[in-house]
Structures are given as C-alpha cells and as structure tokens.
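Below: one structure, written as structure tokens.
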Amino acid sequence: MIPASIAALPSRTPELGALLERWANINSGSNHAAGLGRMAAVLRAAFSAAFPAAQFAELSADAPGFNPPGAKALHFRLRPEASTQVFLCGHYDTVYAADDAFQACRWLDAATLNGPGVTDMKGGLIVMLAALEAFEQTPAAPQIGWEVLLTPDEETGSHGTRAMFEAAAKRNHFGFVFEPARPSGDTIHSRKGTGGAVITCHGRAAHAAKIPNDGRSAILGLAAFLLAAAKIPADQPGVLVNTGNIKGGGAATNVVPDFAQAELDLRITKLSDRDPLFARLESLAKETGAAHEVKFDLTIWLNRPPKENHPTEAALYPEFQRAAQDVGLKPFNWIHGGGASDGNFLGAAGLPCFDGIGPEGDHLHSAREYCRVATIAPRAQNVALFLHRLATGEISLPPGHPA
Ligand SMILES: [Zn+2]
Numbered sequence: 000m001i002p003a004s005i006a007a008l009p010s011r012t013p014e015l016g017a018l019l020e021r022w023a024n025i026n027s028g029s030n031h032a033a034g035l036g037r038m039a040a041v042l043r044a045a046f047s048a049a050f051p052a053a054q055f056a057e058l059s060a061d062a063p064g065f066n067p068p069g070a071k072a073l074h075f076r077l078r079p080e081a082s083t084q085v086f087l088c089g090h091y092d093t094v095y096a097a098d099d100a101f102q103a104c105r106w107l108d109a110a111t112l113n114g115p116g117v118t119d120m121k122g123g124l125i126v127m128l129a130a131l132e133a134f135e136q137t138p139a140a141p142q143i144g145w146e147v148l149l150t151p152d153e154e155t156g157s158h159g160t161r162a163m164f165e166a167a168a169k170r171n172h173f174g175f176v177f178e179p180a181r182p183s184g185d186t187i188h189s190r191k192g193t194g195g196a197v198i199t200c201h202g203r204a205a206h207a208a209k210i211p212n213d214g215r216s217a218i219l220g221l222a223a224f225l226l227a228a229a230k231i232p233a234d235q236p237g238v239l240v241n242t243g244n245i246k247g248g249g250a251a252t253n254v255v256p257d258f259a260q261a262e263l264d265l266r267i268t269k270l271s272d273r274d275p276l277f278a279r280l281e282s283l284a285k286e287t288g289a290a291h292e293v294k295f296d297l298t299i300w301l302n303r304p305p306k307e308n309h310p311t312e313a314a315l316y317p318e319f320q321r322a323a324q325d326v327g328l329k330p331f332n333w334i335h336g337g338g339a340s341d342g343n344f345l346g347a348a349g350l351p352c353f354d355g356i357g358p359e360g361d362h363l364h365s366a367r368e369y370c371r372v373a374t375i376a377p378r379a380q381n382v383a384l385f386l387h388r389l390a391t392g393e394i395s396l397p398p399g400h401p402a
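So for the sequence shown, numbering that gives the first Met the number 0 puts the first residue at 0; every next one is plus one.
Okay, structure coming up:
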C-alpha cells in the first residue's frame, strides 16, 4: 500500500519543474556571495513554509581562503526526540561563477531542462523537499525524526561545512545524499576519496651551452618524477594520479631551469590506500631527486576520505530498490563513483547513507548539464516510501548507531 500523499507526487511534476527552473536561474556559484545569499533565502522560505514545526538554524560556513564571507548552511530539524533519526543533505552551490556564460535554463523538450545546477544539485534539493512533504502527510511519520542540511560549499571541498556533516553522522541512524543519479538511473555504492599534491623541483641554474654543464634541470627532474608517478596506479589498483598542471623555467631558453612545479589530483578507493600512496610518492621524490641531483619539496593531502560501502547500506539497498519498483521507477543498481561528495564525510564518520539518489541527468559541470524533470517526482516517491516503511517498521535499521 502506497500512502496517498506519496502516490500523488507525480501530479506535481509540472510544478516541480517550474520550481527547478526558478532555482537554477539563480546563480549560486560557490564563490558568489550575493548569489549564495539569494539562493539561501529562497531555500529557507521553501523549507520553512513546508515544515513550519521544524527548528531552523542558519550556520556559519566560514572558511577563509575557500568560502566567500557570509556563506551559510541551512539546518532544519524535526522531532529530535524520535527514536529513529535520519539525515538528508544537499548543496546549493554550483560550479558556475557569477560571470559564467551559462546562466539560465532552457527546455530542451517538454521533459528535459538544461541549466546551471539543474541536476547538481538543485534538482536533488527538490527531490528532498517533495519527498519530505509527502512523507510528513503519512500516518506513521511521527515515528521518525529528521534533519536537513543545505550547504554552500560542496563544489569547492566543503571546507566550511565538513564538521557539520561529521557531527550529523553521530546524531543520526541513516542518511540520504541527494547528489544526481547517473543517466541510467543508477545510484552510488561508494566513492573515491580525493586529495592532491604539490611537487616542487629545485635544480641548479647554468648557461645552457656550458661544457661540461654543471646545471641540473628542474624541468627534467620533475618530468621524471611525474612519469614515474603516473605508473603508480598500475601497481596500486584503486588509486588514481593525475598531473593537473605544470610550470617551470623562465623566459630565457638558454638557461638550465632551476625551478619547476606541478599540481596533482589524487584519488583513493579505500582509506587503506592512503598510506601506501603517500609513502610511494615520497620515496619517488627521494629516488628521483638523487638520480637527477635535484631537490623535491612534496606536499600531499587528502581532502575527502573515500566513501566505502557500509554493511547497513548493503542490507537496506534491496528495500530501496523495492520501493523504487513499487512507485514505477525503472530498475536501477548502484555503482562505484570516482567523484567525491559530502557522502564521503558521512561514510567516514560511520553514518550509512544512500548517495546519488537525486534526479536523472548528465553533463554536470558543463553548459550541457540537463535534468530529466519527470524523474524528480518518482525519485521523491522512492525516498518517501522508504521512509514510510521505516516509520511503520516494515523496514528496520540494524541497531547500534548512534550509541
Ligand atoms: Zn553535487
């Protein structure tokens, strides 16, 4: 039996599509303070109107050097006393800057909206809102307490909000991350952790034509390091190493260059991949430095830990799929994703969650980004029905978290 409020969600598709168009037409690039402020005001109004009994808090997402001043996360909490607590999150920033050429939505056909952030992830925020609205009208809803966190800085690494996710992971039993589903409808099983490195090579300058030449080329030293680093994934499956940029030398080509630097993108599949990867990069720097008689400075970091699949997720995913089938979604599975999300922080902090459960779409982070608007309502039904079954006890969470 599907409760009436959940069954009725598809009738809202035109209204939800229009709402998505309005939200995506507001530029809320991660560095656009005024746009983030406008988007936050619209979201606050929408969630406050839908859930007047929820406690609301505006949380500072300050992260000097990363977030524009005044960036805020929005937090709504309902029934914190209930014995089952769930966490729903999404980011309202996008990758499109205030002066990006891609500013407005366009309907590609009656069911497909092209626009900045339509799937990543304003469409997901609408899935979340519609799911909770429908769930709140079901009779067993009082059995579940929930909290919603809407954040302004996911696209730049969540530097101002990471602690909020880690704290929420401790208070809740299960989470939902409304990042976009894959174009196939698949959701996310696990995600790679993301990090980076800056490698700087110091050589010795000399005249290019000096014979014998006592110069030591920083560019050649760095090139040797980068070529060797590119081979690490062959030995360490689950690790990705990408040289993102490189600079070095000066204007004069008749000088053996004494400086070169590159920035790397690093990804790992399991937290246990981290130490061997870092150790390997460090030993490569030592070996290459000795072989080329240059000196390397290496800075390595992990920003988001990997999101590894949690046993509770594995236990409950068939129920999520069953709810999807019951509301008429075409069958989908879950897959490993190379990109990180705030689900990474939740998973690393021990909170099982379903991630990538927003609407279907594709071409994120490009002017071709689109959302299949007709998938918003069924995706909301999927979450609402799952919550309803959790509330009635038809689905039960394994005990034990939080303590
Ligand atoms: Zn996203």
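Just so you know, even glycine gets a beta-carbon here, dropped at the ideal spot from N, CA and C.
Query raised in the report: What is the C-beta distance between residue 360 and residue 176, in whole angstroms, given that I count them as a contact (C-beta under 8 Å)?
Result: Working through the sequence shown from its first residue, we reach residue 360 at position 361. Working through the sequence shown from its first residue, we reach residue 176 at position 177. Wrong, their Cβ atoms sit about 16 Å apart, outside the cutoff.
Report task. Determine the direct distance from the alpha carbon of residue 396 to that of residue 236, and round the result to whole angstroms. Result -> Within the sequence shown, the letter at position 237 stands for residue 236. Within the sequence shown, the letter at position 397 stands for residue 396. Spanning the two alpha carbons is a distance of roughly 33 Å.
Query raised in the report: Which same chain residues, not among the five before or five after residue 56, have their C-beta less than 7 Å away from its C-beta?
Result: For the purposes of this step, residue 56 is taken as residue 57 along the sequence shown, with counting starting at 1. Answer for residue 56: 74, listed in chain order.
Requested in this report: May I ask whether a heavy atom of ligand 1 can be found less than 7 Å away from the beta carbon of residue 0?
Outcome: Translated into positions along the sequence shown, residue 0 becomes position 1. Because no heavy atom of ligand 1 lies under 7 Å away, the Cβ of residue 0 does not count as near it: no.
Requested in this report: Check the DSSP bridge columns for residue 260 and list the partner residues they point to.
Outcome: On the sequence shown, position 261 is the one that residue 260 refers to. Residue 260 is bridged to 199 and 246.
**Report entry** Contacting residues, own chain, Cβ-Cβ under 7 Å from residue 379 (five flanking each side not counted)
**Finding:** For this step, residue 379 is matched to residue 380 along the sequence shown. 8, 126, 129, 130 and 133, listed in sequence order.
Query raised in the report: Between the stretch 339-355 and the stretch 151-166, do three or more beta carbon pairs fall short of 8 Å?
Result: yes
Query raised in the report: At a Cβ threshold of 8 Å, is residue 274 touching chain B?
Result: The displayed structure is made up of one protein chain only, and chain B is not part of it.
Report task. Give a single yes or no on whether residue 178 has its beta carbon closer than 7 Å to a heavy atom of ligand 1. Result -> On the sequence shown, residue 178 is found 179 positions in, with the first residue counted as 1. Yes, the beta carbon of residue 178 sits closer than 7 Å to at least one heavy atom of ligand 1.
Query raised in the report: What residues in its chain sit with their C-beta under 8 Å from that of residue 99, if we drop five residues either side in the sequence?
Result: Position 100 of the sequence shown holds residue 99. Excluding sequence neighbours, residue 99 sits near 26, 28 and 115.
Requested in this report: My understanding is that residue 267 touches residue 280, with C-beta atoms under 8 Å, so please give their C-beta distance in whole angstroms.
Outcome: Along the sequence shown, one-based indexing puts residue 267 at 268. Along the sequence shown, one-based indexing puts residue 280 at 281. The pair is not a contact, with the Cβ atoms about 12 Å apart (cut-off 8 Å).
**Report entry** Runs of alpha helix (DSSP H) lying entirely within the stretch 300-325, each at least 4 residues, in chain order
**Finding:** 310-325
Requested in this report: Quick one: residues in its chain with C-beta nearer than 7 Å to the C-beta of residue 402, no 5 flanking neighbours on either side, listed in chain order?
Outcome: Within the sequence shown, residue 402 is the residue found at index 403, counting from 1. With a pLDDT of 48 at residue 402, under the threshold of 50, the modelled position of this residue cannot be trusted, and the question is left open.
Report task. Could you tell me if the beta carbon of residue 127 falls within a distance shorter than 7 Å of some heavy atom in ligand 1? Result -> Start at 1 with the first residue of the sequence shown, and residue 127 comes out as number 128. Residue 127 Cβ: outside cutoff for every heavy atom of ligand 1.
Report task. Quick one: grab the DSSP three-state call for residue 240. Result -> Mapped onto the sequence shown, residue 240 falls at position 241. Reduced to three states, the DSSP call for residue 240 is strand.
Query raised in the report: Does ligand 1 have even one heavy atom less than 7 Å from the beta-carbon of residue 340?
Result: Reading the sequence shown from its first residue, position 341 is the one you call residue 340. Yes - ligand 1 has a heavy atom lying nearer than 7 Å to the Cβ of residue 340.
Query raised in the report: Residue range of the beta strand (DSSP E) that residue 209 falls in?
Result: Taking the sequence shown and counting its residues from 1, the one referred to as residue 209 is at position 210. No beta strand (DSSP E) contains residue 209, which DSSP labels as neither H nor E.
Report task. Please state whether DSSP places residue 402 in a helix, a strand or coil. Result -> In the sequence shown, residue 402 corresponds to position 403, counting from 1. With a pLDDT of only 48 at residue 402, under the threshold of 50, the placement of this residue in the model should not be trusted, and no figure is reported.
Report task. Have a look at the DSSP bridge pairing and note the partners of residue 72. Result -> Residue 72 sits at position 73 when you count from the first residue of the sequence shown. Its beta-bridge partners are 58.
Report task. Please list the segments of the beta strand (DSSP E) lying wholly inside the stretch 110-148, counting only runs of 3 or more residues, in order along the chain. Result -> 111-113
Query raised in the report: So, using beta-carbon positions, are residue 287 and residue 223 closer together than 8 Å?
Result: Residue mapping note: residue 287 aligns to position 288 of the sequence shown, counting from 1. Residue mapping note: residue 223 aligns to position 224 of the sequence shown, counting from 1. Contact flag set, yes.
Report task. Determine the contact status of residue 270 and residue 192, defining contact as a CB-CB distance below 8 Å. Result -> Numbered from 1 along the sequence shown, position 271 holds the residue referred to as residue 270. Numbered from 1 along the sequence shown, position 193 holds the residue referred to as residue 192. Yes; because the gap between Cβ atoms is below 8 Å, this pair is in contact.
Query - Beta-carbon gap between residue 340 and residue 178 smaller than 8 Å - result: Counting from one through the sequence shown, the residue named residue 340 turns up at place 341. Counting from one through the sequence shown, the residue named residue 178 turns up at place 179. Yes. Within cutoff.
Query raised in the report: Between the stretch 201-216 and the stretch 225-240, do at least 3 Cβ pairs fall closer than 8 Å?
Result: no
Query - Cβ-Cβ separation, residue 149 to residue 404 (assumed contact under 8 Å), whole Å - result: Only positions 0 to 402 of the chain appear in the structure, and residue 404 is not among them; the question remains open.
Query raised in the report: Looking at residue 153 and ligand 1, is the gap between the Cβ and the nearest heavy atom below 7 Å?
Result: Within the sequence shown, numbered from 1, the residue matching residue 153 stands at position 154. Correct: residue 153 has its Cβ closer than 7 Å to ligand 1.
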